[in-house]
Amino acid sequence: MSKASEEFRYAKLTWPEIEDAVDAGKVCIVPTGAVEQHGPHLPLDVDIICPTEVAFGAGRARPDQLLVLPTVSYGYTGHVMDFPGTINTHFEHFIHQVLDITKSLAYHGFKKIILLNGHGSNWPNLDLVARRTNLETDAECLPIQWTNLLTIDKEFLPSWRESAFPGGCAHACELETSVYMYLDPDNVRMDKIANGTISYNEENNPFNWVDCFATGPATVLSWTASYSETGVLGEPELATVEKGKRAYDESVHQLLTFVDYFKDRPKDVRRDRHRTPPTMPMPWGQASVPTV
Ligand SMILES: [Zn+2]
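The working numbering puts the first residue of the sequence shown at 161, with every later residue one more than the last.
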């Protein structure tokens, strides 16, 4: 039996075992995060630890179906550079790096790829990476914000959340603090936990507001330091280890539920609708419709 059926950590396999993993149709999970300020009470690696541990939790449960890649630890954080310690990756570099990873996987034969994101501002870039992967390779790729896994069971958040909506869960908040307290309690500065406001949320304008789980329909996203004093957006004073465990377990569970749907689902078939077939290759690096 190949090690590929019992090891979920991509980088722990050898190249012949990778071939076995391809044959098994394993789904690849690429965690993506950032080195970014999370207020005075949480370390800079929150957005790395959360998606990596959720991916590992899923991988441990299904080592025969999943491979978790080394985390993309540096993300797009240009708007957070007023807080010391934050490391920015230019958004074009970030897009190219993650796209290089998905294209490498597709080339080797992995056709199902999940980008499991921990840093909200990576999102528009990852959305583009996934779309480009789908158009420029024969693999299927999609981004998931790990926190959104908590919205699948409609009963979960109402039974979990105590902080105000919108704003109580946004950044270094009730949610991130709870999960970090569960995953790495020794590194939470418990004596420094304090709620933090988002100044434009305080205006109670129906257009312009933010939260982990939704954003207003016309929200201005700009320098974090222009609307936050401490870098804490939300109510970490409501965080507990128990809530962290519940949120972590639910995220892993829902990620596995998605894998059940995604793993062996046949790819939707693309068709060329031109009456007269195009006379040149598709530009922009996109593949032409395969002829069968
Ligand atoms: Zn975060």
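Yeah, the Cβ is synthetic: ideal placement off N, Cα and C, and Gly gets one too.
Three or more C-beta pairs under 8 Å: does that hold for the stretch 178-194 against the stretch 270-277?
yes
Cβ of D207 versus every heavy atom of ligand 1: is any distance shorter than 6 Å? Stepping through the sequence shown from its first residue, residue 207 is reached at position 47. Answer for D207: yes, Cβ within range of ligand 1.
Open item on the list: Under 8 Å, with one C-beta from each stretch per pair, do the stretch 238-255 and the stretch 425-442 reach the 3-pair mark?
Closed with: Taking one beta carbon from each stretch, the stretch 238-255 and the stretch 425-442 have fewer than 3 pairs nearer than 8 Å; the two do not touch.
Out of D313, L335, G219 and Y360, state which residue places its alpha-carbon closest to the alpha-carbon of V401. As a working note, residue 401 is residue 241 in the sequence shown. It is L335 whose Cα lies nearest to the Cα of V401.
Using the three-state DSSP reduction, which class does H434 fall into: helix, strand or coil? Within the sequence shown, the letter at position 274 stands for residue 434. Note: H434 maps to coil in three-state DSSP.
| message | Taking 6 Å as the cut-off, is the C-beta of E336 nearer than that to any heavy atom in ligand 3? | response | This structure simply doesn't include ligand 3; it includes ligand 1 instead.
For V380 and V419, what's the separation of their Cα atoms in angstroms? Locating residue 380 in the sequence shown gives position 220, counting from the first residue. Locating residue 419 in the sequence shown gives position 259, counting from the first residue. Roughly 34 Å between the two C-alpha positions.
(message) I need the DSSP call for H279, collapsed to helix, strand or coil.
(response) Position 119 of the sequence shown, counting from 1, holds the residue named residue 279. Reduced to three states, the DSSP call for H279 is coil.
Original post:
Taking three-plus beta-carbon pairs below 8 Å as touching, is the stretch 394-408 in contact with the stretch 347-364?
Top reply: yes
Practice problem: Would you list the residues sitting across from N356 in a DSSP beta bridge? | Solution: Position 196 of the sequence shown, counting from 1, holds the residue named residue 356. Checking the displayed sequence, the identity of residue 356 turns out to be Gly instead of Asn. DSSP output for G356 lists G394 as bridge partner(s).
task = Measure the CB-CB distance between P223 and L276 and report whether it falls below 7 Å.
result = To locate residue 223, count along the sequence shown from 1; it is residue 63. To locate residue 276, count along the sequence shown from 1; it is residue 116. No; because the gap between Cβ atoms is not below 7 Å, this pair is not in contact.
Does DSSP classify R220 as helix, strand or coil? Within the sequence shown, the letter at position 60 stands for residue 220. Three-state DSSP puts R220 in a helix.
- [ ] Would you tell me roughly how many angstroms separate the C-alpha atoms of L455 and A215, rounded to the nearest one?
- [x] Given a span of 161 to 452 for the chain in the structure shown, any question on residue 455 remains unanswerable.
Exercise. In the structure shown, what three-state DSSP assignment does C372 receive?
Worked result: Position 212 of the sequence shown holds residue 372. For C372, the secondary structure class from DSSP, reduced to helix, strand or coil, is coil.
Practice prompt. Just grab the DSSP bridge partners of T192 for me.
Written response: As a working note, residue 192 is residue 32 in the sequence shown. Among the bridge pairs identified by DSSP, T192 is matched with V232 and N277.
Original post:
What residues are listed by DSSP as bridge partners for K272?
Top reply: Numbered from its first residue, the sequence shown carries residue 272 at position 112. Answer is E300, bridged to K272.
**Q.** Opening and closing residue of the alpha helix (DSSP H) in which H413 lies
**A.** The sequence position of residue 413 within the sequence shown is 253, counting from 1. Its alpha helix (DSSP H) spans residues V401 to F422.
Expected contact under 8 Å - CB spacing of V370 and P441 to nearest Å
Residue numbering aside, residue 370 sits at position 210 when the sequence shown is read from its first letter. Residue numbering aside, residue 441 sits at position 281 when the sequence shown is read from its first letter. In fact, because the Cβ distance is near 43 Å, the residues do not count as touching under 8 Å.
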